[in-house]
Every structure is written in structure tokens, then in C-alpha cells.
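Here the structure comes first, spelled out in C-alpha cells, and everything after it is commentary.
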Amino acid sequence: MTYQPQKDFGTPESRSDEAVSLTIDGREVTVPAGTSVMRAAAEQGTSIPKLCATDSVKSYGSCRLCLVEIDGRRGTPASCTTPVEPGMVVRTQTPQLAKLRKGVMELYISDHPLDCLTCAANGDCELQDQAGAVGLRDVRYDVQATHLGQEKDHSNPYFDFDPSKCIACSRCIRACDEVQGTLALTMESRGWDSKISAGLASDNFLGSECVSCGACVQACPTATLVEKKVVEVGTPERSVVTTCAYCGVGCTFRAEMRGEQLVRMVPYKDGKANRGHSCVKGRFAWGYAQHQERILKPMIRKSISDPWREVEWDEAFAYTASELKRISDKYGRNALGGITSSRCTNEETFLVQKLVRAGFGNNNVDTCARVCHSPTGYGLKTTFGTSAGTQDFDSVEDSDVILIIGANPTDGHPVFASRMKRRLRGQDGRPGAKLIVIDPRRTDIVRSPHIEAQHHLPLRPGTNVAALTAMAHVIVTEGLANEAFIRERCDWDEYSHWAEFVSQARNSPENLQPVTLVDAEELRAAARLYATGGNGAIYYGLGVTEHSQGSSTVMAIANLAMATGNIGRRGVGVNPLRGQNNVQGACDMGSFPHELAGYRHISDNDARSLFENDWGVTLDPEPGLRIPNMLDAAVDGVFKALYCQGEDILQSDPNTAHVSAGLAAMECVIVHDLFLNETANYAHIFLPGSTFLEKNGTFTNAERRIQPVRKVMTPMNGLEDWEVTQKLAQAMGLDWNYSHPSEIMDEIARLTPTFAGVSFARLEEAGSLQWPVNADAPDGSPIMHIDGFVRGKGKFVVTDYVPTDEKTGPRFPLLLTTGRILSHYNVGAQTRRTENVAWHPEDLLEIHPVDAEDRGVKSGDWVKLASRAGETTLRANVTDRVAPGVVYTTFHHAVTQANVVTTDYSDWATNCPEYKVTAVQISASNGPTEWQEEYEALSARSRRVETGIAAE
Amino acid sequence: MNSVERLVHMANQIATNLATDAAPVAAVADHIQTFWDPRMKKMIFAHGTDGLSPVAAAAISLLADAQNGS
Chain A
2 MTYQPQKDFG TPESRSDEAV SLTIDGREVT VPAGTSVMRA AAEQGTSIPK
52 LCATDSVKSY GSCRLCLVEI DGRRGTPASC TTPVEPGMVV RTQTPQLAKL
102 RKGVMELYIS DHPLDCLTCA ANGDCELQDQ AGAVGLRDVR YDVQATHLGQ
152 EKDHSNPYFD FDPSKCIACS RCIRACDEVQ GTLALTMESR GWDSKISAGL
202 ASDNFLGSEC VSCGACVQAC PTATLVEKKV VEVGTPERSV VTTCAYCGVG
252 CTFRAEMRGE QLVRMVPYKD GKANRGHSCV KGRFAWGYAQ HQERILKPMI
302 RKSISDPWRE VEWDEAFAYT ASELKRISDK YGRNALGGIT SSRCTNEETF
352 LVQKLVRAGF GNNNVDTCAR VCHSPTGYGL KTTFGTSAGT QDFDSVEDSD
402 VILIIGANPT DGHPVFASRM KRRLRGQDGR PGAKLIVIDP RRTDIVRSPH
452 IEAQHHLPLR PGTNVAALTA MAHVIVTEGL ANEAFIRERC DWDEYSHWAE
502 FVSQARNSPE NLQPVTLVDA EELRAAARLY ATGGNGAIYY GLGVTEHSQG
552 SSTVMAIANL AMATGNIGRR GVGVNPLRGQ NNVQGACDMG SFPHELAGYR
602 HISDNDARSL FENDWGVTLD PEPGLRIPNM LDAAVDGVFK ALYCQGEDIL
652 QSDPNTAHVS AGLAAMECVI VHDLFLNETA NYAHIFLPGS TFLEKNGTFT
702 NAERRIQPVR KVMTPMNGLE DWEVTQKLAQ AMGLDWNYSH PSEIMDEIAR
752 LTPTFAGVSF ARLEEAGSLQ WPVNADAPDG SPIMHIDGFV RGKGKFVVTD
802 YVPTDEKTGP RFPLLLTTGR ILSHYNVGAQ TRRTENVAWH PEDLLEIHPV
852 DAEDRGVKSG DWVKLASRAG ETTLRANVTD RVAPGVVYTT FHHAVTQANV
902 VTTDYSDWAT NCPEYKVTAV QISASNGPTE WQEEYEALSA RSRRVETGIA
952 AE
Chain B
259 MNSVERLVHM ANQIATNLAT DAAPVAAVAD HIQTFWDPRM KKMIFAHGTD
309 GLSPVAAAAI SLLADAQNGS
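These protein sequences, in sequence, are chains A and B.
So the first sequence is numbered by our numbering: it starts at 2 and just counts up by one.
So the second sequence is numbered by our numbering: it starts at 259 and just counts up by one.
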């Protein structure tokens with residue numbers, strides 16, 4: 002198909018149930034009440050000229066181009082600001098309107114460069130289109146003063162700002178305000194001197210508060226704000242709708258292409274997760290896909306001290322299969338295992354776990370969700386009966402109280418954060434939702450433009466359960482529990498037992514204040530607000546799960562939601578914000594060693610025999626090893642081979658020294674990835690991977706939404722990842738013959754009751770589907786537990802606070818907590834290979850001024866960060882965002898390797914590592930630590946590739 | 259911490275967190291049965307109850323007995 006931008010209806014959709022009929026240019030049209038005349042015309046296929054209107058933002062009525070005539074009305078009202086009325090008769094094309102519009106356009110063009118042929122937006126410019134639409138043929142003004150020739154702002158790595166081309170329509174400002182919610186842009190000065198500005202006049206785009214989400218670029222009707230890539234390669238000629246491969250929000254994009262070259266990723270307005278919005282990662286940070294460091298040929302080596310040797314695919318598969326067989330024969334089948342990736346598709350993940358179960362003959366398969374949301378799986382399955390969030394993202398529009406705990410959505414899940422912030426700001430006279438933030442740090446959402454949390458509870462890291470139990474104490478003892486809901490939906494005896502426990506005086510906010518460091522009155526007020534403020538929705542992230550009581554915290558959250566009746570309808574619920582794009586899917590696909598797809602335990606004879614019959618094998622009924630258990634077994638000398646797809650456990654998993662010892666003890670580490678990542682330093686076989694742009698499949702986002710990933714270019718490495726796994730399986734003698742990922746999904750659907758109604762054809766038709774999709778819910782399930790919990794009765798679980806074993810003391814007096822930043826993703830393997838490093842070139846250590854002063858540390862100083870596990874160096878950022886006694890850093894850069902410092906302690910139920918609490922000491926540093934120096938040398942040695950004999 | 263020490267630590271941690279369950283020994287045994295691979299179970303059975311909390315020790319004994327068919 003040839004390139005067409007997505008249709009722009011001019012003004013936002015009205016949600017009214019009331020229908021209004023009117024006549025536009027002699028044709029009757031019926032639209033919801035509250036629709037603008039402009040949109041009503043667009044819906045019937047009539048295009049009214051416009052410049053300042055676009056359907057992502059509210060109407061503004063400034064350009065005067067969209068004038069229409071309406072019977073019985075004086076003058077020529079702007080169609081963008083005029084709502085439809087019953088029986089209205091509108092004319093959009095009359096000689097009078099043509100004359101007016103031509104006059105308006107003439108004025109615009111009189112102050113606009115006439116360089117259309119060499120302009121980056123040539124052919125994709127609304128100003129150009131409208132000049133044509135109104136028939137402008139001449140500009141009569143002999144203009145002396147213009148805005149032409151102004152200096153361009155090239156500072157943003159992804160887009161340019163050329164003020165000479167600006168028509169001052171304010172679409173960019175309104176997009177920043179209404180869609181993104183950062184309010185970074187403003188109209189500087191007035192009248193003739195009006196100019197779009199990013200912050201102060203002294204700011205450029207990069208130095209401003211702009212988060213580079215791209216909403217302004219998307220809204221700009223001219224080339225004033227334009228992607229550098231469009232400037233470089235020209236406008237696209239076709240587009241393919243696909244799903245972003247960053248974070249669990251799962252934004253839908255149009256990949257806009259020239260041939261096989263990606264020109265830009267444009268957020269898709271019909272995407273149900275993102276509703277036309279994007280963030281800097283999904284919109285712009287895809288350059289890694291063509292990065293020169295991508296490995297495109299398979300490589301093998303006998304020992305990790307040897308250089309790599311490039312081989313053809315056939316040799317790589319034969320060698321890999323022979324190594325796996327050798328190790329299985331020598332050490333037994335349980336010496337093998339695999340790790341599936343939350344960055345890969347459902348189909349690829351399903352195949353890797355199938356290869357392990359059916360090919361390796363054991364259940365030693367795990368996934369990176371082990372180190373992020375495995376406690377969500379345990380906690381929500383125990384309390385509600387299913388391992389997933391309860392709501393769709395749209396639900397937040399009906400929330401009255403939003404409780405965020407252990408999540409930093411503006412950095413980690415920015416597009417959903419924008420939707421959340423829109424609700425927090427209030428809209429069209431509707432007051433905003435109230436906000437409670439429970440987090441050791443003052444995250445951006447605590448206080449940002451037009452948003453201020455009613456309650457920020459800056460608790461001591463590691464005390465989530467105590468804080469939530471104290472909230473439950475307030476709710477129960479002050480009679481705020483929703484007993485009618487509990488009696489109807491939950492087990493009353495279990496509730497009574499739990500209520501008796503939380504009511505004990507030892508669980509009062511006052512009694513727990515010395516533990517949590519949260520002011521008791523503030524906590525009481527927050528609990529009252531959540532219980533009584535209307536629809537209460539809880540959003541949480543890894544600040545909940547990555548603790549020794551991660552699973553308990555998830556259950557404590559579920560207890561609160563059940564106790565207040567905040568489950569089973571729009572606006573409420575328990576919502577885990579998933580870290581990576583397909584964490585939900587990887588869990589759904591049976592990646593955990595104890596569960597088959599659809600969360601059925603491997604010891605369940607009925608479930609297991611379903612798979613055994615389909616696959617023609619006998620499966621081991623015992624659970625396999627989790628990632629940390631694999632590493633322990635490797636150190637013990639009994640686990641010898643690992644197939645690791647799309648994960649970098651050396652950088653992402655805790656206690657790097659232990660991970661490296663485990664990997665070094667294995668005889669065959671197979672890394673299947675885009676780059677020679679850190680884990681590959683210990684690998685014997687490298688299988689090059691494909692990017693999300695190079696393959697077909699599906700991702701499942703945090704709202705259980707299964708979305709298509711569509712191939713837009715040929716894999717540079719020659720094979721899609723599912724093909725790599727299939728060919729490896731074939732080399733091992735397995736009779737696999739999938740010709741397309743749709744056939745893998747068909748298999749998933751026939752083996753997984755919650756996916757029974759899913760197929761590529763259904764996804765093509767519906768755009769996306771939220772599981773369960775089955776006979777009871779053929780169109781999917783936006784909200785779960787509506788009439789009752791999946792497990793029957795909701796289960797209250799007593800969650801007693803147990804302090805972590807990771808203690809501060811004289812040697813390690815501070816608590817380190819780790820997290821992520823907007824511009825980077827996970828271990829940074831992708832985003833570090835993009836221009837996103839402009840915002841975050843290195844990991845920094847946030848430290849409170851008091852702690853910094855005690856140690857003589859200033860912002861920018863190199864400091865040594867040491868724990869019982871190890872030490873690293875990085876630079877300090879002195880800030881009161883963190884409380885005294887708490888320090889914080891990110892884990893995006895391999896040079897820093899924050900996980901050298903984190904420990905082996907983990908969640909009691911799932912072994913999810915306790916990344917969020919490490920006792921540390923900070924001191925001045927005069928250079929890299931011994932570990933850093935040794936590791937750098939190891940990396941240099943390990944990444945050598947044998948180049949063969951030179952031709953000359 | 260070596261692997262056995264880690265298993266002891268994990269078992270104690272499970273027992274502490276399930277202490278408020280109506281039947282903590284059975285709950286700990288069930289948890290370990292559900293999530294630990296056979297080698298981990300074998301290792302802790304072989305290790306015995308040294309270092310285990312009373313609930314964890316009872317749960318491990320329960321599982322070991324069930325495994326031995328007694």
C-alpha cells in the first residue's frame with residue numbers, strides 16, 4: 002500500500018451515548034453528542050481545511066481556516082470549536098468560505114519559506130496540503146518583516162526544531178500539555194514576537210524538560226518539528242502496524258518504511274494500550290536494530306578463552322546439538338536447561354520451553370520474569386486465582402484514587418504514566434483523581450506540573466509489607482472495610498482471620514512507624530483515602546516484587562483491594578506494571594519450571610497428558626530449576642549447559658560474581674542474542690538473533706493484551722528467532738515443522754484454555770485481544786473477576802512482616818535500591834546503542850545531601866559503592882529525592898554493573914532477587930575497582946573474533 | 259553461602275513467611291514440593307534438619323517420609 006498518514010478527524014472523539022443527526026453538505030450524518038462539526042464532517046468523509054486542529058488535542062480555534070456556514074447562525078463559525086446540534090445544516094464549501102480561507106492561507110504563506118521542494122516535509126505537510134485545498138495561487142503581500150531565517154535547534158538527537166517554519170498553531174504545546182503531560186513547551190512572548198520555546202529562552206530542546214516523547218513532532222503540521230531521519234532519508238512510502246518491543250505498556254506503532262529501511266515509528270491512534278502516544282524509546286530509540294555491533298553470523302568456540310570463530314548456520318546447529326547431546330550423555334539430561342526471554346515473542350518463548358521440556362527432557366526452563374514479576378505470579382494466583390493484572394489501561398480513566406507502590410511509571414512505563422497523569426490532572430471540569438505514592442524516593446509523579454500526590458509515604462526500603470499491613474489495620478479498625486463485597490466475593494473465615502491479625506495493636510501505623518519510617522498520621526490518612534475515596538486502583542512495579550517479601554507484598558496489595566471492594570469493575574483493580582515488553586506473555590507461555598502454559602502445574606496429570614499427547618513425548622512431572630538454582634547447580638558441577646535466548650543474566654541478575662562463577666562452570670553456554678552481551682563473555686556458542694522489526698509473532702502486555710508483531714524487514718541475520726529454535730530442535734532430532742508463527746499460536750491455543758480463542762486471524766480482525774479469550778469471552782476480557790474471582794472465592798492471606806536478612810551496620814550503613822530511567826531499557830543493550838545516551842550516558846548514584854556531606858562527596862565525584870557482595874565505582878548525584886540513609890542507582894550500563902553489589906537474598910516464595918535492598922557503604926574513589934578492571938580485560942579477551950587470513 | 263546452606267536459608271525463610279498459616283508444616287512442605295526440583299529436595303533430605311527452624315525441619319521430615327513411602 003502507498004503511504005498515507007493516519008486519518009486525522011480534527012478533534013477528539015466524544016464518548017457520549019446520545020446520538021445527534023445533522024446535515025453536512027447535503028448529507029445526513031449521525032454522531033455522538035459533543036462531537037465537533039469538524040469531526041462529524043470528517044467521519045462522513047468530508048475534509049474541512051484546518052491547521053490548528055488535530056484529533057489528539059482539544060480544539061483551539063485559532064487558525065480560522067476551518068470556518069463553515071451553518072443555517073440560522075450568523076457569520077462563519079470555526080467548525081473545530083462548534084459542537085453538533087440536532088438538525089443542524091452545515092455547508093463546508095461556499096464561495097464566501099473559499100474567499101475567507103484563501104485570505105487566511107495567503108497570510109500564513111506570506112511568512113513561510115517557499116522551499117517546499119527541498120523541505121523534509123514535502124508531500125507530508127499539512128500547510129502545503131491546505132494551500133492546495135483552498136486553491137492558493139498567489140501571495141500578494143510584499144512582506145518586509147518575516148520570521149524567516151531563524152536559527153534551527155538541532156540539539157535533540159532525534160528531531161529538529163526550525164522556528165522559521167512555525168505557524169504558531171500551538172499544536173506542539175497542546176500535545177505536550179494534554180497528551181504527554183510534561184508541559185515543557187510554551188509560547189514565548191506575544192503577538193508578532195510569539196515563538197515556541199522549550200522552557201526558558203535560554204533552553205534548547207535537549208537541555209529543557211522535554212522528554213522527547215515525540216508528541217509535538219507528531220502534532221506539528223509543518224516541518225517545524227521534524228524527525229532527523231526524515232530529513233536524512235525522505236518521507237516514507239508504506240507503513241506496517243506493529244507492537245513496540247520496549248516495556249510492558251505495549252504501544253502500537255506504524256513502522257513507516259522506505260523499501261526495507263525504517264524511516265520512523267509513529268504511534269498508532271487505534272492502539273488500545275497507547276491511544277496514539279509514545280515515549281522516547283519506542284518512538285525514536287530503534288537504531289540498535291541496524292547497529293554495527295550486531296552479530297549476524299553464528300559463532301562457536303571450544304573454550305571461553307579462545308576467540309570466536311564464525312560458522313555457517315548449519316555448522317552452528319549441528320555443533321550445538323552435538324554439544325547438548327554430549328553433555329546429556331555424560332552428565333544426564335538434568336544437566337541441561339534454558340532461559341526464555343521476555344523480549345521475544347510468545348511463539349518464540351513457547352518454543353524454547355517446549356525445546357527444554359520435550360527436547361532436553363527436563364523442566365529446567367525459567368525466564369527473566371524470575372527476577373522481576375515472579376512474585377506477581379505467586380501472589381495473584383494465590384489470592385485471586387490467576388497470575389495477571391485485573392484491568393485494561395483504559396480503566397484508569399474511571400479511577401478516583403490511584404495508589405502507586407514501588408513503581409516509577411513516568412520512567413518505567415511512560416506512555417501509561419501520561420494516561421494516568423491525564424486522569425490525575427482532571428479534565429473538562431471533572432476533578433482529577435487523588436494520588437498516593439508509596440516509594441522510598443520522591444519519584445517524578447509525586448510532584449509534577451498540575452499534579453501533587455495527596456500522600457507520599459517515603460518508606461524505608463524493605464518495609465512494604467509493614468506499611469501495607471498498617472494501612473489494612475486502619476481500614477479494618479476504623480470500620481472502612483467493604484463487608485458486603487467481602488461476604489459476597491471472598492471467604493469470610495479467611496477474611497476474619499486476616500482482619501483479626503491486621504487489627505492487632507502491633508500492626509498499627511504508630512507501632513510500625515519506627516520500622517517503616519512513615520509518619521503514622523500520614524499513613525492513616527492515605528489508608529482512609531484509598532478506602533473511602535471512590536474507585537481505588539493500585540499500580541505496582543518491581544519496588545514491590547524485588548524484595549525478600551515480594552510475594553507477601555503482592556498478597557498484601559490484593560488483601561487491601563479485596564477488603565475495600567476495589568476489584569471487578571472499571572476504575573479499580575490490582576495492576577502490576579510489567580518491566581519488559583513480553584513479561585506477561587513469557588509467564589503465560591509456560592516459561593516457569595513448575596508450570597505449563599496457562600499456569601498449570603507440571604505435576605497436574607490432566608494438563609501434562611494434554612501436552613504429552615500433543616507433543617508425542619513423556620514429560621517429567623517434577624518441577625525443574627529456577628535461574629538462581631541453575632547457577633547453584635552449575636557451581637556444584639551438575640548443571641552444564643544453558644540455552645539463553647534474549648537475556649543477559651550476567652548484567653541483569655544479582656550478585657554478578659555468583660552468576661559469572663555459575664556460567665564459568667558450564668561446558669556449553671549458548672547465547673542467542675542481537676549483540677555479544679555480557680553473558681556472551683562466558684558463552685561457547687553464539688546464535689545471532691533478530692529484532693522485533695524482523696519477525697512475526699505476538700507480545701502480551703501488562704493488561705494481558707495479545708498484540709501482533711509484524712515483520713517489516715528481512716532479518717539481517719537470516720532467520721527469525723523462532724526459526725533458530727526450530728532448526729536447533731530439528732538438529733536434535735525433534736520433528737518440528739512450523740512454517741509460520743501462526744501455527745505455533747494455533748498449538749498454544751489448543752493447549753491453553755485461556756488462549757482457546759486466539760489465532761493470528763482473530764488478532765488481525767480485532768487488532769488485539771486480552772486473555773482469557775475463550776467460549777465464555779470470545780472477544781477477550783478487558784477486566785477480570787467481574788462476577789467472582791477466577792479461583793472462586795477471593796483468598797485473604799495473612800502477611801506478617803519479616804525483616805530482610807540484609808542488614809545495615811557500621812560497615813554498610815546505607816541502603817541501596819536500584820531502578821531504571823526513562824531513556825534506558827533494562828540492561829541497556831538496546832538503548833545504549835542509540836542516541837538515548839545523550840540523556841543518560843552513565844549510571845549515577847543518588848545520595849542525600851546529609852549522607853554526601855558526611856562522606857565529603859559532591860555531585861559529579863567518583864565514589865566507590867561497596868556491599869558484602871562486591872564493589873563498583875560510579876559518579877554521585879547529590880539530591881534530596883532519596884531519603885537520608887538511602888542511595889539509588891540504575892543498572893543500565895555494563896561499565897558500572899550495579900549487580901556486582903546486589904546480593905543473593907531473594908523472595909521467600911519465588912527466589913525473585915532482592916534488588917531493592919542492599920546494605921552498602923559509599924566512599925571517595927580514585928579509580929575503577931579491581932572487579933571493573935578485571936572484567937574489562939575479560940570482556941576485551943572474550944569478544945575477540947577470529948578474522949581468518951587477510952586477502953592481501 | 260554454598261548450595262546446601264542456601265537451601266537451609268530458603269527453607270527457613272519459607273517457614274517464617276508461612277508461620278501464620280493454619281497448618282504451617284503442611285504449607286511449607288507443599289511449597290517445597292511444588293517449587294523445588296528433585297535435586298534440591300534430595301540435597302536437603304540428605305542434609306537433615308541441622309540449621310532448620312522447627313517448622314522447616316518438620317516440613318522437610320514430612321516430605322522426606324512421603325518420598326520414602328513411609
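Note that the Cβ used here is the ideal one computed from N, Cα and C, for glycine as well.
Here the structure is a predicted model, which is why all the values come from computation and not from measurement.
Residue i versus chain A: which residues are under 7 Å apart at the beta carbon?
i	result
Pro296 of chain B	Glu623
Skipping 5 residues on each side, what residues in its chain have a beta carbon closer than 7 Å to that of residue i?
i	result
Leu226 of chain A	Phe160, Phe162, Cys173, Cys217, Val218
Glu523 of chain A	His456, Leu458
Asn270 of chain B	Leu310, Ser311, Ala314
Gln151 of chain A	Pro164, Ser165
Glu228 of chain A	Tyr159, Phe160, Val218, Arg265
Ser17 of chain A	Pro33, Ala34, Gly35
Pro50 of chain A	Leu66, Cys67, Arg102, Gln131, Ala134, Val135
Ala952 of chain A	No answer about Ala952 of chain A holds up, because its pLDDT of 47 lies below 50 and its placement is not dependable.
For residue i, which three-state DSSP category applies?
i	result
Arg255 of chain A	strand
Leu688 of chain A	strand
Gln145 of chain A	coil
Val519 of chain A	coil
Glu261 of chain A	coil
Asn576 of chain A	strand
Ala951 of chain A	Its pLDDT being 48, under 50, Ala951 of chain A is placed unreliably in this model, and the coordinates cannot settle the point.
Cys369 of chain A	helix
Ser552 of chain A	helix
Gly338 of chain A	strand
Trp737 of chain A	coil
Are the beta-carbon atoms belonging to residue i and residue j less than 8 Å from one another?
i	j	result
Leu297 of chain A	Asn678 of chain A	no
Met421 of chain A	Val402 of chain A	no
Pro285 of chain B	Asp279 of chain B	Before going on, a small fix: residue 285 of chain B reads as Ala here, not Pro. A contact, by the Cβ cut-off of 8 Å.
Gln220 of chain A	Thr55 of chain A	Checking the sequence shown, residue 220 of chain A turns out to be Ala, not Gln. Yes. Within cutoff.
Leu643 of chain A	Ala634 of chain A	no
Glu349 of chain A	Thr726 of chain A	yes
Gln550 of chain A	Val466 of chain A	yes
Val69 of chain A	Ile110 of chain A	no
Asp112 of chain A	Thr147 of chain A	yes
Thr546 of chain A	Thr800 of chain A	no
Taking C-beta pairs closer than 8 Å, name the residues in chain B that residue i reaches, listed in chain order.
i	result
His602 of chain A	Thr292
Asp178 of chain A	Simply none; closest approach about 46 Å.
Please list the partners that residue i has in chain A, where partner means a Cβ-to-Cβ separation under 8 Å.
i	result
Ala277 of chain B	Asp801
Once you ignore the five residues that flank residue i on each side, which residues in its own chain have a CB closer than 6 Å to its CB?
i	result
Asn205 of chain A	Asp154, Ser156
Asp72 of chain A	Val90
Arg40 of chain A	Phe10, Gly11, Thr12
Ala895 of chain A	Gln652, Glu679
Ile487 of chain A	Tyr496
What residues of chain B sit near residue i, judged by a beta carbon separation below 7 Å?
i	result
Leu626 of chain A	Asp295
Ser868 of chain A	What Ser868 of chain A touches in chain B: nothing, since even the nearest Cβ is about 15 Å away.
Anything in chain B within Cβ reach of residue i, meaning under 9 Å, just list it in chain order.
i	result
Ala634 of chain A	Ser261, Asp295, Arg297, Met298
Phe502 of chain A	Thr278
Got a sec? Which residues, its chain only, sit under 8 Å from residue i by beta carbon, not counting five neighbours each side?
i	result
Thr891 of chain A	Thr819, Gly820, Arg821, Ile822, His825, His841, Asp844, Leu845, Ala899
Glu311 of chain A	Lys298, Pro299, Met300, Val946, Glu947
Val262 of chain B	Met301, Ile302, His305
### Query
According to a CB-to-CB cut-off of less than 7 Å, which residues of the segment 262–276 of chain B neighbour chain A?
Listed in chain order, the positions of the segment 262–276 of chain B with a beta carbon within less than 7 Å of a beta carbon of chain A are Arg264, Gln271, Ile272, Thr274, Asn275.
### Cβ-based contacts, 8 Å cut-off: residues of the segment 578–596 of chain A near chain B
Pro594, His595
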